[in-house]
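Numbering-wise, the sequence shown is residues 0 to 222 according to numbering that gives the first Met the number 0.
Glycine included, every Cβ here is placed at the ideal spot set by N, Cα and C.
Owing to the predicted nature of the structure, the values given are computational and were not obtained by experimental measurement.
Reading through the structure tokens given below for one structure.
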Amino acid sequence: MSNYAKVVIKGSPITKSNFKLHNADGRAILPHSSGKYHDRYALYEYEIALLARSQNPDIILSESLIALLKVYYKSEKRHPDTINITKSIFDGIEKSGLIVNDAQITKIFTEEYYDKENPRFELELFAESEYNFNYTITKKNLPTQPKLYSPLKKNISDNCSLNNDSKNKINFKPIDSCLEQVDKISKVIKCCNICNKTIISDDYVKADRGKTLICKKCFTKLF
0 MSNYAKVVIK GSPITKSNFK LHNADGRAIL PHSSGKYHDR YALYEYEIAL LARSQNPDII
60 LSESLIALLK VYYKSEKRHP DTINITKSIF DGIEKSGLIV NDAQITKIFT EEYYDKENPR
120 FELELFAESE YNFNYTITKK NLPTQPKLYS PLKKNISDNC SLNNDSKNKI NFKPIDSCLE
180 QVDKISKVIK CCNICNKTII SDDYVKADRG KTLICKKCFT KLF
């Protein structure tokens, strides 16, 4: 029985956490052949599945696993959230048949690096029955320069335009999504998160558990 596998996928890692569609029954769907930008999420999973299997032929890990994930981004300034990247990766690994289910991952350690010339991720899987997982955190003798992060700012005017009715002239702090702004004014205004046009009627579909609204016109173009 195999107790170890390693997968290396070249290219900038992507995450699908910010986009999900649901059909009429409420089941999540991920388009892959619509010819649209969103196909890349499903295609990335298929690429991971194909390469993971080709790099580890005849290996099936069926017990609980320890995962060591090293993600190398092309740019230090612009890249997906590392905390969200694991979902796409392990969905692809599960599709490969290398593991039975991503619930097998009981311990995971993720490291973020930068490699402009060779962005990639490297994943090592260890059988928990034969390997231990240990880590240490120590205080530095000499502190290094901190890497600071600033919150993203996005005004409602970037996505939706309010009418001139004084009832709707409310000052909000900048938040990340148009939908959250709509909730602040009792959902008076809805807008499509793809074309950014105001939705006048109820002719729209919800995605990502209601966090994303897509007008029927844009939804039709996805398929």
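{"Check": "Nearest-angstrom Cβ-Cβ length linking residue 205 and residue 211, presumed shorter than 8 Å", "Outcome": "7 Å"}
{"Check": "Span separating the alpha-carbon of residue 144 from that of residue 190", "Outcome": "42 Å"}
{"Check": "Same chain only: Cβ atoms within 8 Å of residue 59, ignoring 5 sequence neighbours per side", "Outcome": "1, 96, 97, 98 and 99"}
{"Check": "Sequence-distant residues of the same chain with beta carbon closer than 8 Å to residue 5, five excluded per side", "Outcome": "54, 55, 121, 122, 123 and 124"}
{"Check": "Opening and closing residue of the beta strand (DSSP E) in which residue 106 lies", "Outcome": "104-113"}
{"Check": "Residue from 63, 94 and 108 with nearest C-alpha to residue 81", "Outcome": "108"}
{"Check": "For residue 203: DSSP bridge partner residues", "Outcome": "214"}
{"Check": "Residues near residue 12 in its chain [Cβ-Cβ closer than 6 Å; skip 5 each side]", "Outcome": "70, 84 and 120"}
{"Check": "Cβ separation of residue 44 and residue 91, assumed to be a contact under 8 Å, to the nearest whole Å", "Outcome": "4 Å"}
{"Check": "Residues near residue 163 by beta carbon distance below 7 Å, same chain, minus five either side", "Outcome": "Its pLDDT being 47, under 50, residue 163 is placed unreliably by the model, and the measurement read from it follows with that caveat. If we look at residue 163 and ignore the five residues flanking it on each side, it has no Cβ neighbours."}
{"Check": "Residues bridged to residue 73 (per DSSP)", "Outcome": "For residue 73, which the question treats as bridged, DSSP gives no partner whatsoever."}
{"Check": "Rounded separation between residue 67 and residue 147 - CA only", "Outcome": "25 Å"}
{"Check": "Short Cβ contact (8 Å threshold) for residue 3 with residue 102", "Outcome": "no"}
{"Check": "Residue 224 in three-state terms, based on DSSP", "Outcome": "The displayed coordinates of the chain run from 0 to 222. Any statement about residue 224 would go beyond what the structure contains."}
{"Check": "For residue 92, three-class secondary structure by DSSP", "Outcome": "helix"}
{"Check": "Sequence-distant residues of the same chain with beta carbon closer than 7 Å to residue 213, five excluded per side", "Outcome": "191, 192, 193, 203, 204 and 206"}
{"Check": "Of the residues 7, 48 and 112, the one placed nearest residue 72, counting alpha carbons only", "Outcome": "112"}
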